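Below: one structure, written as C-alpha cells.
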Amino acid sequence: MTSASSRPSGHDVVVVGSANLDLVATVEHLPAPGETVLGRDYAEHPGGKGLNQAVAAARAGARTAFIGCLGNDSAGDVLHSLMNDEGLDTFVVDVARPTGRALIAVDEKAENSIVVVPGANACVTISVVDDRRDVISRANVLLCQLEVPLDAVEAALAIAKVGGVTTVLNPAPAAQLSRQLVSLCDVVVPNQHEIVQLGGTSALFDAGVSTIVITLGARGLRIVTRQDEIDIPPFAVRAVDTTGAGDAACGALASALAEGHDIVTAARRASAAGALAATRAGAVPSLPRRAEIDALVT
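Under the working numbering, the sequence shown has 127 at position 122, and the numbering climbs by one with no breaks.
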C-alpha cells in the first residue's frame, strides 16, 4: 500500500461500480410480504452504490473517476449529465441493456427497503475494467462495491493491488466472496449484517484484510484491526432518509484515506458524512459537501 504523497499523478479515488436511476416511494410503513401499501410521495433520483460513492468522494474533496456501464436510454442520459455536473472523470461504456434501476420504499422512520435491477451494470466485465487499467493503477484509492459482477470487482482489485493502490471494498449487497477476492482488500466497510455474511472479522483478517470499518447506522462506526477496536460515536442529527448514508460514509472514507489521513480521522469524517446524508431525502441529493463535513467534525 503506497501513501498518497508518493503516488504517480492520477486520481485521488477511482470507483468501479454501479449506476442506477432510483425510483423512490415514501410510505407510512414498509410492506410485509403480500401487502400493498399506498405511497405518500414519489421521486426519481440518480443512484447506484458506485455512482453514489463516487459523488460522495468528489463532494468530500477527492478528484474522482467512475468506471461503469450505462444503457443507451433516457435514464443513462440523466446519469451522464449528473456525472458531468459533479465533476467526475467518467470512463463509461454505453450498452444495449437498459440502465439499472433501484426500487426504493422509505417509511416514516427513515428506514428503507430496496430492490435493485442491475440492467447495464451486469455488463461491467473484466474487459471493461482491464481497458482502464492505467486509470486504476495510478489512483491513490480504489473503491468497489458488489452491484456489478464479482469477477470484474476482483479484476479491479487485483490491478490496484499490483500497483500499490489502497483498496477499499464495501461488500454490499451482501454476497459470498472468495478468499482470493477478499485477500485483495486493504479496508473492508460492511454493515452489521454484511459482516456476519462474510464470516465475521476473523475470517477477513485470516484472508489478509488489514482494517475493517463496520457501519452501525445510528450507533456510528467501529474500526476493527488485529490489535484493537475503536468506536466512532455517531453525530446527533434528525434522520429523514437513510438511503444514501452508507454510501456517503464510504465515499468520504475513501476521500480522507486518499488525502493521507489515518483511519480514525477518516472514519470520523465518514461518520459525519453518513449522518449528514441521513438528514435529507434521496441518495445522490443527500450527499454532503466537504464544507459541511468539515463543519460537523470540528
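Even glycine gets a Cβ: it sits at the ideal position worked out from N, Cα and C.
Bear in mind the structure is a predicted one, so any value in this text is a computation, not a measurement.
Query	Result
Residue from Lys166, Thr172, Leu186 and Val146 with nearest C-alpha to Glu159	Leu186
CB contact flag (Arg68, His16, <8 Å)	yes
The alpha helix (DSSP H) enclosing Phe210, as first and last residue numbers	Thr206 to Ala212
Whether Arg295 touches Gly66 by CB criterion (8 Å)	yes
Local conformation of Pro103 per DSSP, three classes	coil
CA-to-CA distance, Leu43 to Val167, given in whole angstroms	51 Å
Cβ contact (3+ pairs, closer than 8 Å) linking the segment 230–239 and the segment 257–276	yes
Spatial neighbours of Arg138 in its chain, beta-carbon cut-off 6 Å, leaving aside the 5 residues before and after	Ile164
Three-state secondary structure assigned by DSSP to Ala110	strand
Contact under 8 Å by Cβ, Ala337 with Val133	Because the chain spans 6 through 303 in this model, residue 337 falls outside it and cannot be assessed.
Cβ neighbour criterion (16 or more within 10 Å) applied to Thr172	buried
DSSP-derived helix/strand/coil call for Pro290	helix
Nearest-angstrom beta carbon gap, Cys74 and Val129 [assumed within contact, 8 Å]	5 Å
Assigned secondary structure, His34 (DSSP; H/G/I helix, E/B strand, else coil)	coil
Three-state secondary structure (DSSP) of Ser11	Note that Ser11 scores a pLDDT of 41, beneath 50, so its modelled location is shaky and nothing firm can be said.
Complete runs of the alpha helix (DSSP H) confined to the segment 135–175 [at least 4 residues]	138–142 and 155–167
Residues that DSSP places opposite Arg227 in a beta bridge	Ile219 and Asp236
Cα-Cα separation between Ala277 and Thr220, rounded to whole angstroms	12 Å
C-alpha distance - Glu297 paired with Leu281, whole-angstrom precision	8 Å
Presumed contact (8 Å Cβ cut-off) between Leu26 and Ala61, rounded CB distance	Leu26 to Ala61, Cβ: 18 Å. No contact.
Contact belief for Val242 with Leu148 at Cβ below 8 Å, rounded distance in angstroms	Going by Cβ atoms, the distance from Val242 to Leu148 rounds to 24 Å, so no, they are not a contact pair.
For Ala37, the nearest candidate out of Asp112, Arg231 and Val83 (CA to CA)	Asp112
Whole-angstrom distance between Glu152 and Gly205, CA atom to CA atom	21 Å
Extent of the continuous beta strand (DSSP E) to which Leu75 belongs	Thr69 to Gly76
Residue from Leu108, Asn117, Glu116 and Ile131 with nearest C-alpha to Pro123	Leu108
Burial state of Asn126 (16 or more Cβ within 10 Å)	buried
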